[in-house]
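Inspection log for the structure reproduced underneath, given as structure tokens.
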Amino acid sequence: MYKSFLIKYAEIAIKGKNRYLFEDALVSQINLSLKKVDGEFLVRKEQGRIYVDALSDYDFDEVVDALTKVFGIVGICPVVLLEDEGFDKLAEEVISYIDKVYPDKNFSFKVNARRARKNYPMESMEINAAMGERILKAYPQTHVDVHKPDVMINIEIRNKINVYSTVIPGPGGMPVGTNGKAMLLLSGGIDSPVAGYMIAKRGVAIDATYFHAPPYTSERAKQKVVDLAKIVARYSGPINLHVVNFTDIQLYIYEQCPHEELTIIMRRYMMKLAEHFAKEQKCLGLITGESIGQVASQTMQSLAATNEVCTMPVYRPLIGFDKQEIVTISEKIDAYETSILPFEDCCTIFVAKHPVTKPNLNVIHNDEKKLAEKIDQLMQEAINSVEVIHIEG
Ligand code: ATP
Ligand code: MG
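Okay, so the sequence shown: first residue is 97 according to the numbering used here, each after it adds one.
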């Protein structure tokens, strides 16, 4: 029954020119996400509002599902748009709207009129009272509750009259594309997809780097990361996933360095390589799924050691989160079931029994000298053999 959706957005204390940037980015993200939905749609800005008009038949749930993944949207309101043909006609339309949307009339309601067009002959309060009366007369089972109504009937008098009573929550945040791009270190675990989602939510476009170690890690493990990238891309838009062969670097570190430092040194080389691709893709930062104290490589000392090799800012949106809080978001974005599939991670293959939890930077620097002979060449080979997979959500 709905031909249009009214899109509500916030963070719009953003003034002047920024407001247009925000709105234009939101319109283009909505268009992008509706491409995946059957049907033809028009997304338009009008008087500081964004509307989605359906120009053909469409599936309501599919459209709502697409819109709930567009950052920047706070609310999705299926709306009926009416020509102004006088109050009697409006009341008739509202009464028939209620009949269609609420077959069971046992509810309390409030009319919330807003006169955005000042030449309308009635004031908001008058409309509220008169419309309330008409509704009560048509449906005596209903009653008015101005404090906690079951149904809020919004009537906005604009060029057209907007009638809506449902606000489906959107994901919030800012439209992707309003805040540059960052490189996500994406593993097959629970944390990094959530980290990517959270930074994308702030309007940041995402590319990703995944390190694998064939033949120690399988094609299935790689496919799992591709699947996770697809899940993140439903929200962030397209992702260029860089798949880096890390085997020789990992083996070389294993041969040359003390095993309890393996993870830390490995993670330093991961960051360096990710930063290389980040610069190539004009990213402004790196993103990881690290959280303080979660494992040996995420103590404050370990994070400092990993961080030291980066010249770009490293964003760690989960830094203060407990595992359960991360799992809750992972489930919300439908990544959890994929993340817990049991495929080996390249980091876990050569893990020491007792990894250092408080790495000393001087010691690490010294041990890394043992890599001098071949590491530059191995890094270059890893860069040259990168496979870039373009992922659409
Ligand atoms: P996750 O659940 O994201 O795998 P984790 O709890 O397993 O995280 P670590 O293995 O210590 O933690 O990894 C910390 C972060 O380093 C990850 O969140 C991710 O950003 C990055 N990372 C780890 N392994 C890889 C990998 N194989 N490829 C790309 N990034 C990785
Ligand atoms: Mg992991």
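Just so it is clear, CB atoms sit at the ideal spot from N, CA and C, and this is done for glycine as well.
Note that the structure is a prediction, hence the values are computed from the model and not measured.
### Task
Closer than 8 Å by C-beta to Val423: which residues in its own chain qualify, once you throw out the five before and the five after it? Chain order, please.
Ile286 and Tyr432
### Message
Distance check for Met362 and Ala468, CA to CA, integer angstroms please.
### Response
15 Å
### Task
Please indicate yes or no: does the CB of Ile286 lie closer than 7 Å to some heavy atom of ligand 1?
yes
### Query
Residue range of the beta strand (DSSP E) that Val176 falls in?
Ile169 to Leu178
### Message
As a quick exercise: from Thr395, Asp441 and Val259, pick the residue whose alpha carbon is nearest that of Pro455.
### Response
Thr395
#### Entry: Residues that DSSP places opposite Thr305 in a beta bridge
Leu281 and His338
### Task
Grab me the residues of Asn336's own chain with a C-beta within less than 8 Å of its C-beta, minus the 5 sequence neighbours each way, in chain order.
Asp303, Ala304, Gln377, Val484, Ile485, His486 and Ile487
### Query
In chain order, what residues of the same chain have a beta carbon less than 7 Å from the beta carbon of Lys201, not counting five sequence neighbours either side?
Tyr235, Gln237 and Thr238
### Proximity winner among Val175, Ala296, Asp441 and Gly381, relative to Thr274 (alpha-carbon distances)
Ala296
### Task
Jot down the residue ranges of each uninterrupted beta strand (DSSP E) in the segment 188-243, minimum 3 residues, whole runs only, in chain order.
204-211
### Query
Count the other CB atoms within 10 Å of the CB of Arg44; is the residue buried (16 or more) or exposed (fewer)?
Given a span of 97 to 489 for the chain in the structure shown, any question on residue 44 remains unanswerable.
### Query
Val459 to Pro289, Cα distance in whole Å?
32 Å
### Message
For a quick check, are the C-beta atoms of Met270 and Phe167 less than 8 Å apart?
### Response
yes
### Message
Which of the three DSSP states is assigned to Leu369 in this structure?
### Response
helix
### Ala400 burial status per 10 Å Cβ neighbour count (16 or more: buried)
exposed
#### Entry: C-alpha distance - Lys419 paired with Ile388, whole-angstrom precision
11 Å
### Message
Comparing C-alpha positions only, which one of Ala301, Ile415 and Glu371 sits nearest to Val405?
### Response
Glu371
### heavy atom of ligand 1 below 7 Å from Gly381 C-beta
no
### Query
My guess is that Asp430 and Ile345 are in contact by the Cβ rule of under 8 Å, so how many angstroms apart are they, rounded?
Between Ile345 and Asp430 the Cβ distance is about 33 Å, and since that is not below 8 Å, they are no contact.
### Query
In the structure shown, what three-state DSSP assignment does Glu252 receive?
strand
### Message
Let me check you understand the geometry: is the CB of Glu371 closer than 7 Å to at least one non-hydrogen atom of ligand 1?
### Response
no
### Message
Closer than 8 Å is the cut-off here; do at least three beta carbon pairs connect the segment 258-267 with the segment 158-176?
### Response
yes
### Classification of Phe137 by the beta-carbon crowding that lies within 10 angstroms, buried from 16 upward
buried
#### Entry: Met294: CB within 7 Å of a non-hydrogen atom of ligand 1
no
### Query
Can Val452 be considered in contact with ligand 1, in the sense that its beta carbon sits closer than 7 Å to one or more heavy atoms?
no
### Task
Answer with buried or exposed for Phe342, where buried requires no fewer than 16 other C-beta atoms within 10 angstroms of its C-beta.
buried
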